[in-house]
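**Student:** Handing you a structure now.
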Amino acid sequence: MALLLQQPRIILGDGRHLAYKEHGVPKDVAKYKIVYVHGFDSCRHDAVIATTLSPDVVEGLGVYIVSFDRPGYGESDPNPKQTVKSLALDMEELADQLGLGDKFYVVGFSMGGQLIWTCLKYIPHRLAGATLIAPVVNYWWPGFPANLSKEAYHQNLPQDQWTLRVAHYAPWLTYWWNTQKWFPASSIIAHSAAVLSQQDLELFPMLSPRKAYEAQVRQQGEFESLHRDLMIGFESWEFDPMDLKNPFLNKEGSVHIWHGDEDGIVPVMLQRYIAQQLPWIHYHEVPGAGHLFPFADGMGDAIIKALLIEK
1 MALLLQQPRI ILGDGRHLAY KEHGVPKDVA KYKIVYVHGF DSCRHDAVIA TTLSPDVVEG
61 LGVYIVSFDR PGYGESDPNP KQTVKSLALD MEELADQLGL GDKFYVVGFS MGGQLIWTCL
121 KYIPHRLAGA TLIAPVVNYW WPGFPANLSK EAYHQNLPQD QWTLRVAHYA PWLTYWWNTQ
181 KWFPASSIIA HSAAVLSQQD LELFPMLSPR KAYEAQVRQQ GEFESLHRDL MIGFESWEFD
241 PMDLKNPFLN KEGSVHIWHG DEDGIVPVML QRYIAQQLPW IHYHEVPGAG HLFPFADGMG
301 DAIIKALLIE K
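The opening residue of the sequence shown carries number 1 in full-length UniProt numbering; numbering runs sequentially from there.
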């Protein structure tokens with residue numbers, strides 16, 4: 001498939017191209033350098049932290065942010081060999097090719113937030129700090145008590161329960177399940193409002209700029225973007241995030257989770273449990289907030305300030 005290329009791309013060690021977009025102050029004068037990971041059905045333009053930060057924070061603190069198309073999304077080549085580990089290594093290589101230094105910050109939203117766990121597992125020595133915003137959870141992580149994960153799982157709409165079940169137990173059926181017409185498939189893929197909170201509905205107009213580039217997101221096909229995302233996110237992982245150790249024992253950095261207590265996409269009860277199991281994580285629960293809370297006024301500033309200046 002011939003892609004309409006609009007952004008710069010690096011060539012990774014295995015020959016794949018990774019498209020990226022730079023935000024904030026120039027990296028050669030930046031004090032803080034952040035690699036941002038977009039969520040499900042999104043691309044490099046969906047860098048909510050970069051697009052909502054105030055000039056006072058960007059210029060006052062000297063913040064540089066690079067977002068990128070995850071493999072198979074936008075203008076980045078698919079990775080047929082993609083694993084939980086490979087994206088962390090892609091991020092490390094992106095940072096190295098852009099000259100971000102020995103250590104950099106990582107921030108991810110939703111499905112991108114889930115992938116920050118892989119950075120904490122595989123490249124902790126490269127991190128200056130990390131923030132997971134409304135990170136997707138895998139209901140099959142073994143650290144969850146069975147009754148808790150079952151209760152949280154059943155908070156999903158029935159069609160989403162089936163979508164997750166297929167992605168975990170029968171990943172080879174993921175494409176079929178999400179394209180068949182007999183039963184309703186993923187409400188997220190269908191952009192259903194049924195999973196949105198009241199705050200989400202109020203913030204939804206903030207997503208209107210997506211219309212200008214929405215066609216780019218899935219331009220390489222839904223299998224290499226959406227379906228592979230589901231398969232990787234909900235497969236049996238090779239590690240359990242709840243077994244991770246604090247990478248910042250000397251408090252030279254910090255790890256944060258931000259989550260809304262009315263999130264209809266990722267149940268808050270599982271986030272609370274993770275925070276209890278990993279007391280070194282700074283857990284921020286936002287009252288009355290849904291999944292789209294990072295778009296609310298001032299949230300981006302609060303999230304980034306907590307990461308960069310509140311050790």
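Glycine is no exception: its CB is placed at the ideal position from the N, C-alpha and C atoms.
Who does residue 9 pair with in a DSSP beta bridge?
**Tutor:** As a first step, residue 9 must be located in the sequence shown, where it is residue number 9. DSSP output for residue 9 lists 19 as bridge partner(s).
**Student:** Residue 247: which of 128, 98, 96 and 45 sits nearest, CA to CA?
**Tutor:** Taking the sequence shown and counting its residues from 1, one reaches residue 247 at position 247. Residue 247 has its Cα closest to that of 128, out of 128, 98, 96 and 45.
**Student:** Does the beta-carbon distance from residue 204 to residue 52 come in below 9 Å?
**Tutor:** The sequence position of residue 204 within the sequence shown is 204, counting from 1. The sequence position of residue 52 within the sequence shown is 52, counting from 1. Not in contact: residue 204 and residue 52 (Cβ atoms no closer than 9 Å).
**Student:** Quick one: is residue 305 buried, meaning 16 or more other Cβ sit within 10 Å of its Cβ, or exposed?
**Tutor:** The residue you call residue 305 lines up with position 305 of the sequence shown. Exposed, because fewer than 16 other Cβ atoms sit within 10 Å of the Cβ of residue 305.
**Student:** Which of the three DSSP states, helix, strand or coil, is assigned to residue 182?
**Tutor:** Taking the first residue of the sequence shown as position 1, residue 182 is located at position 182. With a pLDDT of 43 at residue 182, under the threshold of 50, the predicted position of this residue should be treated as unreliable, though the coordinate-derived value follows. Three-state DSSP puts residue 182 in coil, outside helix and strand.
**Student:** Please tell me whether residue 292 and residue 231 are closer than 9 Å, where the distance is taken between their beta carbons.
**Tutor:** Residue 292 sits at position 292 when you count from the first residue of the sequence shown. Residue 231 sits at position 231 when you count from the first residue of the sequence shown. The answer is no: Cβ separation not under 9 Å.
**Student:** Reducing DSSP to helix, strand and coil, say where residue 52 ends up.
**Tutor:** Counting from one through the sequence shown, the residue named residue 52 turns up at place 52. Helix.
**Student:** Is there a Cβ of chain B sitting closer than 9 Å to that of residue 288, yes or no?
**Tutor:** The structure shown contains no chain B; it holds only a single protein chain.
**Student:** Assuming residue 130 and residue 106 are in contact, meaning their beta carbons sit under 8 Å apart, how far apart are those beta carbons, in whole angstroms?
**Tutor:** Reading the sequence shown from its first residue, position 130 is the one you call residue 130. Reading the sequence shown from its first residue, position 106 is the one you call residue 106. Contact holds; Cβ gap of about 5 Å.
**Student:** Return helix, strand or coil for residue 176, following the three-state DSSP convention.
**Tutor:** On the sequence shown, position 176 is the one that residue 176 refers to. Here the model assigns residue 176 a pLDDT of 46, short of 50, so the residue's position is not dependable and the matter cannot be decided.
**Student:** Rounded to whole angstroms, what's the CA-CA distance from residue 92 to residue 33? Just pull it up for me.
**Tutor:** Counting from 1 along the sequence shown, the entry for residue 92 is found at position 92. Counting from 1 along the sequence shown, the entry for residue 33 is found at position 33. Computed Cα separation, rounded: 13 Å.
**Student:** Residue 103 by DSSP, collapsed to three states: which one?
**Tutor:** As a first step, residue 103 is located in the sequence shown; it is residue number 103 there, counting from the start. Coil at residue 103, not helix or strand.
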